[in-house]
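To keep things clear, I will list the structure first and then write my remarks on it.
In our numbering, the protein residues as written are 48 to 255.
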């Protein structure tokens with residue numbers, strides 16, 4: 048397993064968000080965590096991705112406890128990619144400049160390959176406000192991939208996209224997972240079931 052979590056419980060003050068959740072993901076798996084707003088799916092994704100420390104429970108990345116990772120920022124930069132509903136691209140930088148800012152290795156050939164793989168090579172010298180929402184989200188995916196992470200976490204990555212662009216993103220995730228990248232997303236979009244290898248439903252802080 049590339050990722051394991053056991054007994055994950057989390058409170059926001061006195062409110063129980065997650066209740067004794069267990070989770071595991073294999074290398075190259077495309078997993079969708081689904082549920083209604085407030086179900087706990089985004090909290091679970093935040094904990095799995097190391098962005099949030101659980102109130103109780105243990106997490107392991109390739110068999111190593113998260114608590115034993117000495118430099119969590121370096122771990123995130125090297126091993127993990129993040130994609131959010133809002134792309135957070137820097138408006139005064141071109142798309143290519145946004146990508147290079149996040150890259151550890153500035154290898155132009157590899158970056159060009161990612162642009163081609165994501166179908167947005169034509170917009171790399173444009174600014175975020177000059178391209179469509181679907182193109183911005185694919186640019187965010189390129190940014191998440193630029194350091195060849197083992198896992199990509201995405202929180203509502205198609206929340207602002209129409210059905211055609213959403214399908215494009217899901218197909219891209221499917222291709223990435225087949226190449227060995229583990230994809231874990233949180234979404235309320237039930238159409239993801241057409242693409243994901245595994246669907247995990249969260250309701251009232253529990254997996255059902």
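Ideal Cβ positions, reconstructed from N, Cα and C, are used throughout, including at glycine.
Look at the Cβ atom of residue i, then the Cβ atom of residue j, and state whether they are nearer than 8 Å.
i           : j           : result
residue 92  : residue 243 : no
residue 215 : residue 173 : no
residue 132 : residue 54  : no
residue 246 : residue 228 : no
residue 146 : residue 158 : yes
residue 231 : residue 223 : no
residue 202 : residue 89  : yes
residue 208 : residue 181 : yes
residue 52  : residue 130 : no
residue 87  : residue 249 : yes
Let me know if residue i comes out buried or exposed under the rule of 16 or more other beta-carbons within 10 Å of its beta-carbon.
i           : result
residue 186 : buried
residue 57  : buried
residue 110 : exposed
residue 211 : exposed
residue 134 : buried
residue 151 : exposed
residue 177 : exposed
Looking only at its own chain, which residues have a Cβ that is under 6 Å from the Cβ of residue i, when we skip the five neighbours before and after it?
i           : result
residue 253 : 66
residue 122 : 116
residue 106 : 52 and 113
residue 149 : 190 and 193
Here's a check: name, in chain order, each residue in its chain whose Cβ is nearer than 7 Å to the Cβ of residue i, leaving out the five neighbours to either side.
i           : result
residue 162 : 168, 171 and 189
residue 48  : 71, 72 and 73
**Message:** For the pair the segment 73-81 and the segment 122-130, tell me if three or more CB-CB distances fall below 8 Å.
**Reply:** no
**Request:** Within the segment 142-185, note down every full alpha helix (DSSP H) run reaching 4 residues or more, in order along the chain.
**Result:** 142-149 and 155-164
**Request:** May I have a chain-ordered list of the beta strand (DSSP E) segments no shorter than 3 residues that lie completely inside the segment 221-255?
**Result:** Scanning the segment 221-255 for uninterrupted beta strand (DSSP E) segments of 3 residues or longer gives 229-234 and 245-250, listed from N- to C-terminal end.
**Item:** Touching by the beta-carbon criterion (3+ pairs, under 8 Å), the segment 219-226 and the segment 180-199
**Value:** yes
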